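In what follows, a single structure is set out as structure tokens and then discussed.
There are 2 protein chains.
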Amino acid sequence: MSRRTDKITDENIVRLLEGRNFAFLATVRKDGSPQVTPTWIDRDNDTILVNTAKGRVKQKNVSRDPRVSISLVDDQNPYSMVTISGKVTEQTSQGADEHIDKLARRYLNADKYPGHSPDIKRVILKIKPEKIFFVPPRYQQYLSKRNHNMG
Amino acid sequence: MSRRTDKITDENIVRLLEGRNFAFLATVRKDGSPQVTPTWIDRDNDTILVNTAKGRVKQKNVSRDPRVSISLVDDQNPYSMVTISGKVTEQTSQGADEHIDKLARRYLNADKYPGHSPDIKRVILKIKPEKIFFVPPRYQQYLSKRNHNMG
Numbered sequence: 008m009s010r011r012t013d014k015i016t017d018e019n020i021v022r023l024l025e026g027r028n029f030a031f032l033a034t035v036r037k038d039g040s041p042q043v044t045p046t047w048i049d050r051d052n053d054t055i056l057v058n059t060a061k062g063r064v065k066q067k068n069v070s071r072d073p074r075v076s077i078s079l080v081d082d083q084n085p086y087s088m089v090t091i092s093g094k095v096t097e098q099t100s101q102g103a104d105e106h107i108d109k110l111a112r113r114y115l116n117a118d119k120y121p122g123h124s125p126d127i128k129r130v131i132l133k134i135k136p137e138k139i140f141f142v143p144p145r146y147q148q149y150l151s152k153r154n155h156n157m158g
Numbered sequence: 008m009s010r011r012t013d014k015i016t017d018e019n020i021v022r023l024l025e026g027r028n029f030a031f032l033a034t035v036r037k038d039g040s041p042q043v044t045p046t047w048i049d050r051d052n053d054t055i056l057v058n059t060a061k062g063r064v065k066q067k068n069v070s071r072d073p074r075v076s077i078s079l080v081d082d083q084n085p086y087s088m089v090t091i092s093g094k095v096t097e098q099t100s101q102g103a104d105e106h107i108d109k110l111a112r113r114y115l116n117a118d119k120y121p122g123h124s125p126d127i128k129r130v131i132l133k134i135k136p137e138k139i140f141f142v143p144p145r146y147q148q149y150l151s152k153r154n155h156n157m158g
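Listed in order, the protein sequences are those of chains D and B.
Here the first sequence stands for residues 8 to 158, numbered as in our numbering.
Here the second sequence stands for residues 8 to 158, numbered as in our numbering.
Spelled out as structure tokens, the structure:
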């Protein structure tokens, strides 16, 4: 039912990462407790990109401890999912404003990201995947039944 | 745009917790790194319930460190979300098989949970919320435009 792969360039993973699926990014706080937050996500070859802003909880957390875990479910079948563990290996502001506009086009179909502000300094987190766990679609029979009943 | 509340019995939070929204549960591994996984979620008054199985990563993690973070987005507007930090205060197998059947009815519209097995011992994690962060629906104008374009 599930399998390990070591490549986010696997076509199943790419489809999940390049859809409009939200990613849930877990980081660790200063006191060692976990923190999770929904985020847009992107991919540049074998690197995962998350666009955040300087001073946000996740940005501060990964500056202290770069280890992250990311989970996405497929909006077409939420029982298909991928979990990726990895590390933030670089943070950059270069191109970060343009990058959030690109994500806004994909996720919102907006021309530009609507949240730009001179007070917000955007940062791209570059994440190197280390472990990938993928579950292909399942439970289709229930989902079609559910949708039928809902319609 | 966002606000803190200390009650999961707030009507906005209840609606998110009792819909068919997946929750993303973050826990901490033995080495201190974060782990996140999608899960069904339930509520019993002011306690959050997650139904897992003995030996699963999240069950082992919370047995070591009970601190968790949970994030949900609204499937009607994914820009409305809640993040809940709290602790697992109890684990019980009592009623856990019936409870996963109840969740399967809600999430899958199935009569029974399809994954029962004599080898799987189900466990309910009872989570006491400590901090709650809620973001009400936003970006509606983009979502309707997006749906229009997709249709």
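Glycine included, every Cβ here is placed at the ideal spot set by N, Cα and C.
All values derive from a computational prediction rather than experimental measurement.
Subject >> Spatial neighbours of residue 30 of chain D in its chain, beta-carbon cut-off 6 Å, leaving aside the 5 residues before and after >> reply: Hits under 6 Å: 46, 48, 77, 79.
Original post:
residue 143 of chain D touches chain B at which residues, Cβ-Cβ below 8 Å?
Top reply: Close to residue 143 of chain D, with beta-carbon spacing below 8 Å, lies no residue of chain B; the smallest spacing is near 14 Å.
**OP:** List the residues of chain D whose Cβ lies closer than 8 Å to the Cβ of residue 120 of chain B, in chain order.
**Re:** Under the 8 Å cutoff, chain D gives no residues; its nearest Cβ is about 11 Å from residue 120 of chain B.
Subject >> Residue of D:44, D:15, D:42, D:58 minimising C-alpha distance to residue 104 of chain D >> reply: The candidate whose alpha carbon is nearest that of residue 104 of chain D is D:58.
Original post:
Residues of chain E with CB under 8 Å from residue 85 of chain B, in chain order?
Top reply: Structure shown: chain E not included; protein chains present are D and B.
**OP:** Check the Cβ-Cβ distances between residue 74 of chain D and every residue of chain B, and say whether any is below 9 Å.
**Re:** By this cut-off, residue 74 of chain D is an interface position.
Original post:
How far does the alpha helix (DSSP H) with residue 70 of chain D in it reach, from first residue to last?
Top reply: Run containing residue 70 of chain D: 64 to 71, per the alpha helix (DSSP H) assignment.
**OP:** Measure the C-alpha to C-alpha separation of residue 64 of chain D and residue 36 of chain B and round it to an integer number of angstroms.
**Re:** Whole-angstrom Cα-Cα distance: 20 Å.
Original post:
Is the beta carbon of residue 132 of chain B sitting closer than 9 Å to the one on residue 56 of chain B?
Top reply: Yes; because the gap between Cβ atoms is below 9 Å, this pair is in contact.
**OP:** Within the same chain, show all residues whose beta-carbon is closer than 6 Å to that of residue 145 of chain B, passing over the 5 residues directly before and after it, in chain order.
**Re:** Closer than 6 Å at Cβ, skipping near neighbours: 86.
Original post:
How about residue 139 of chain B and residue 61 of chain B: do their beta carbons lie closer than 9 Å?
Top reply: Contact: no.
**OP:** Could you tell me which chain B residues have their CB closer than 7 Å to the CB of residue 34 of chain D, listed as they occur along the chain?
**Re:** Near residue 34 of chain D (Cβ distances below 7 Å), the residues of chain B are 41.
Original post:
Quick one, are the C-beta atoms of residue 115 of chain D and residue 150 of chain B less than 9 Å apart?
Top reply: Yes, they are a contact pair.
Original post:
In this structure, does DSSP put residue 77 of chain D in helix, strand or coil?
Top reply: Strand.
Original post:
Hey, does residue 57 of chain D have any beta-carbon neighbour from chain B nearer than 9 Å?
Top reply: At a cut-off of 9 Å between beta-carbon atoms, residue 57 of chain D makes no contact with chain B.
**OP:** Specify the secondary structure class of residue 146 of chain D as computed by DSSP and reduced to three states.
**Re:** Here residue 146 of chain D carries a coil assignment [DSSP, helix/strand/coil].
Subject >> Under 9 Å from the C-beta of residue 99 of chain D: neighbouring residues of chain B >> reply: Below the 9 Å Cβ cutoff, chain B contributes no neighbours of residue 99 of chain D, its closest Cβ being approximately 22 Å away.
**OP:** Would you mind giving the Cβ-Cβ distance between residue 135 of chain B and residue 54 of chain B, rounded to the nearest angstrom? I have them listed as a contact below 8 Å.
**Re:** Yes, they are in contact, since the Cβ atoms of residue 135 of chain B and residue 54 of chain B sit about 6 Å apart, within 8 Å.
Original post:
Do residue 70 of chain D and residue 137 of chain D have their CB atoms nearer than 9 Å?
Top reply: Contact: no.
Original post:
For residue 17 of chain D, which three-state DSSP category applies?
Top reply: Taken through DSSP and simplified to helix, strand or coil, residue 17 of chain D comes out as coil.
Original post:
For residue 100 of chain D, which three-state DSSP category applies?
Top reply: Residue 100 of chain D falls in the coil class under three-state DSSP.
Original post:
According to the neighbour-count rule (16 or more other Cβ atoms, all chains shown, within 10 Å of its Cβ), is residue 147 of chain D buried or exposed?
Top reply: Note on residue 147 of chain D: under 16 other CB atoms within 10 angstroms of its CB, so exposed under the neighbour-count rule.
Subject >> Collapsed DSSP secondary structure at residue 157 of chain B in the structure displayed >> reply: Summary for residue 157 of chain B: the model assigns pLDDT 42, below 50, so the residue's position carries little reliability; its value from the coordinates is reported in the next sentence. In the three-state reduction of the DSSP assignment, residue 157 of chain B falls in the helix class.
Original post:
Using 9 Å as the limit for Cβ to Cβ distance, is residue 96 of chain B near chain D?
Top reply: So no, residue 96 of chain B is outside the interface.
Subject >> Proximity winner among D:82, D:66, D:90, relative to residue 26 of chain D (alpha-carbon distances) >> reply: Nearest C-alpha to residue 26 of chain D: D:82.
Subject >> Simplified DSSP assignment, three categories, for residue 140 of chain D >> reply: Reduced to three states, the DSSP call for residue 140 of chain D is strand.
Original post:
Taking the C-alpha atoms as reference points, what is the distance between residue 106 of chain D and residue 43 of chain D?
Top reply: If I take the Cα positions, the gap works out to 22 Å.
Subject >> Cβ neighbours of residue 28 of chain D in the same chain (closer than 8 Å, five flanking residues each side left out) >> reply: Once the five neighbours on either side are set aside, the close Cβ partners of residue 28 of chain D are 48, 79, 80, 81, 82.
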